[in-house]
Amino acid sequence: MTWKMIALDLDGTLLDRSGAISEENAEWVRKAQSSGITVVLVSGRHRLRMVPVVERLNLRLPMITTNGCETWSADGRLISRCVLPWKDVEAVHLFAFQHNVQYRAYCAEGVFDSDRSHHLAQMDYSWLKVLLTSENRRSLYDAHERLLATNRVELIVYGLPGEPQHIDVQPKGTGKASALDSLCASLGIRPEEVVAFGDDRNDIEMLRWAGMGVAMGNAPDEVKEAANMIAPHYLESGVGRTIARIMQQASA
Numbered sequence: 056m057t058w059k060m061i062a063l064d065l066d067g068t069l070l071d072r073s074g075a076i077s078e079e080n081a082e083w084v085r086k087a088q089s090s091g092i093t094v095v096l097v098s099g100r101h102r103l104r105m106v107p108v109v110e111r112l113n114l115r116l117p118m119i120t121t122n123g124c125e126t127w128s129a130d131g132r133l134i135s136r137c138v139l140p141w142k143d144v145e146a147v148h149l150f151a152f153q154h155n156v157q158y159r160a161y162c163a164e165g166v167f168d169s170d171r172s173h174h175l176a177q178m179d180y181s182w183l184k185v186l187l188t189s190e191n192r193r194s195l196y197d198a199h200e201r202l203l204a205t206n207r208v209e210l211i212v213y214g215l216p217g218e219p220q221h222i223d224v225q226p227k228g229t230g231k232a233s234a235l236d237s238l239c240a241s242l243g244i245r246p247e248e249v250v251a252f253g254d255d256r257n258d259i260e261m262l263r264w265a266g267m268g269v270a271m272g273n274a275p276d277e278v279k280e281a282a283n284m285i286a287p288h289y290l291e292s293g294v295g296r297t298i299a300r301i302m303q304q305a306s307a
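My numbering numbers the first residue of the sequence shown as 56 and each following residue consecutively.
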């Protein structure tokens, strides 16, 4: 197989606990790019928190941000953006208030927390996704069930079944896999020509979609079950070591 794209999640995959990139990871990402493989960063992060990663790699890379709600070209041009309809923004805001759940709003204009005095100003912004969190797991579960019942949004739940640690709420039909599929279609790349790396529940569909889904050694079991290959732990430069292995196999 000739691989034409490598899609990389960031936290728990490419980056270490401090947000740094190991030398081995950086080396093999650059080698992949220089060999003609398109490397794309695919993260739940806001674009503003992904740009420094690209700068540290000293590369020009396309980015899929906020779990697929935005896609940016390698030259920094916005390719696509999906936002939550106003009705859904109101529902998230209402349910969070009713269940005493905090949220972080990822908007095109920036990232804002509900516990800040200026948070109501967000309501006029373009909401991409909302991260719900609470120390009270029951309250978070109840908010999740009410949002699920609307059938209007995509929900990604992190944590144990029935005991969510936090929840991503984003526009219906969005996700890392669908954003990658659209980007690849525009570049003439087929899904079977893509290697995707990830470690968490927002990566599952992407790993299933790609020709080679690679779960990190630190990933939960359900993420590993969605993958074709298990990489070493992210703190052991699992991305770099696996890219090296894949490229060596392809050239053999």
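For every residue, glycine included, the Cβ atom is placed at its ideal position computed from N, Cα and C.
Closest in alpha carbon position to GLY214, among SER169, ASP197, ARG192 and GLU291, is ARG192. Beta-bridge annotation (DSSP): TYR213 is paired with HIS221. A Cβ-Cβ separation of about 19 angstroms leaves PRO287 out of contact with ALA265 under the 8 angstroms criterion. Going by C-alpha positions, THR205 is about 15 angstroms away from ASP223. By DSSP's assignment, MET284 forms a beta bridge with VAL269. Annotated three-state conformation of ALA129 is coil, per DSSP. The beta-carbon separation of ASN283 and GLY268, rounded to 5 angstroms, stays under the 8 angstroms limit for a contact. SER169 is positioned such that its CB atom lies no closer than 8 angstroms to that of TYR161. DSSP, reduced to helix, strand and coil, places LEU186 within a strand of the structure shown. One alpha carbon belongs to ASP179, the other to GLU291, and they sit about 43 angstroms apart. SER241 is the residue among GLU164, SER241 and GLY74 whose C-alpha sits nearest the C-alpha of ILE134.
Distance from the CA of SER128 to the CA of GLY243, rounded to the nearest whole angstrom, comes to 15 angstroms.
Contact between ASP143 and VAL208 holds: CB atoms are separated by about 6 angstroms, below the 8 angstroms threshold.
Within 10 angstroms of the beta-carbon of ALA75 lie fewer than 16 other beta-carbons, which makes it exposed.
CYS137 and LEU183 have their C-alpha atoms spaced approximately 6 angstroms apart. By the C-beta criterion, the region 145-157 is judged not to be in contact with the region 114-132, since fewer than 3 inter-stretch pairs fall below 8 angstroms.
Comparing alpha carbon positions, the residue from VAL278, LEU195, TYR196 and LEU116 closest to ALA87 is LEU116. Under DSSP, ASP64 takes part in no beta bridge, so it has no partner.
Judged by DSSP secondary structure, GLY295 falls within the alpha helix (DSSP H) whose first and last residues are 293-306. Per the DSSP secondary-structure output, LEU96 pairs in a beta bridge with LEU63 and MET118.
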